[in-house]
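Under our numbering, the first residue of the sequence shown is numbered 7, with each subsequent residue one higher.
Built from N, CA and C at the ideal position, the CB exists for glycine as well.
Quick caveat: nothing in here was measured; it's all calculated off a predicted structure.
Inspection log for the structure reproduced underneath, given as structure tokens.
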Amino acid sequence: MSGETVTLYEAIGGEPTVRALTRRFYHLMDTLPEAARCRAVHPPSLEGSEAKLYDYLTGYLGGPPVYVQKHGHPRLRSRHFAAPIGPEETAEWLLCFRRALDETVDNPRLCDIIWPPIERLAYHMQNKE
């Protein structure tokens, strides 16, 4: 045994899996009627949002710090402050993320490790009642 630590990024399959996760997440947001409120706070094209989420999740999961290199410190709450994010938008965002996570990450144990901090982050982003 080498004693090397494997990051979540590596454990889930690295770049292809994170890319599939972000692609599926935004596809769900764009097509699920039950995600309409969350979709409405995003720009008409989701390409930029998808790219930024991919960059963020790559570093967040232990891969290369792509987001920080491109955009600086995430400051996620302040970057999202202009978007009205309430309980409904949060629930819809989480619905899309959980579904995308379960569909793209093969190991349910890894999904269960990733989910709680993502869920906390989503609730932290709320800025309206």
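Nearest-angstrom Cβ-Cβ length linking residue i and residue j, presumed shorter than 8 Å
i	j	result
valine 74	threonine 64	That pair is no contact at about 10 Å.
threonine 96	tyrosine 62	Between tyrosine 62 and threonine 96 the Cβ distance is about 17 Å, and since that is not below 8 Å, they are no contact.
As assigned by DSSP and simplified to three states, the class of residue i
i	result
threonine 11	coil
valine 24	helix
alanine 57	helix
histidine 48	coil
alanine 41	helix
leucine 67	coil
arginine 88	Before going on, a small fix: residue 88 reads as alanine here, not arginine. Note: alanine 88 maps to coil in three-state DSSP.
C-beta atoms of residue i and residue j nearer than 9 Å
i	j	result
cysteine 102	valine 111	no
arginine 25	aspartate 36	no
proline 70	asparagine 133	no
leucine 52	isoleucine 18	no
arginine 30	arginine 105	yes
leucine 100	glutamate 125	yes
N-terminal and C-terminal residue of the alpha helix (DSSP H) that residue i is part of
i	result
leucine 114	According to the sequence shown, residue 114 is proline rather than leucine. Residues 114–130.
lysine 134	From DSSP, lysine 134 is part of no alpha helix (DSSP H); its letter is neither H nor E.
leucine 101	93–110
Where residue i falls, given that 16 or more other Cβ within 10 Å makes a residue buried
i	result
tyrosine 15	buried
alanine 41	buried
glutamate 98	buried
threonine 28	buried
Residue-level contact to chain D via CB, residue i, 9 Å cutoff
i	result
arginine 25	The displayed structure is made up of one protein chain only, and chain D is not part of it.
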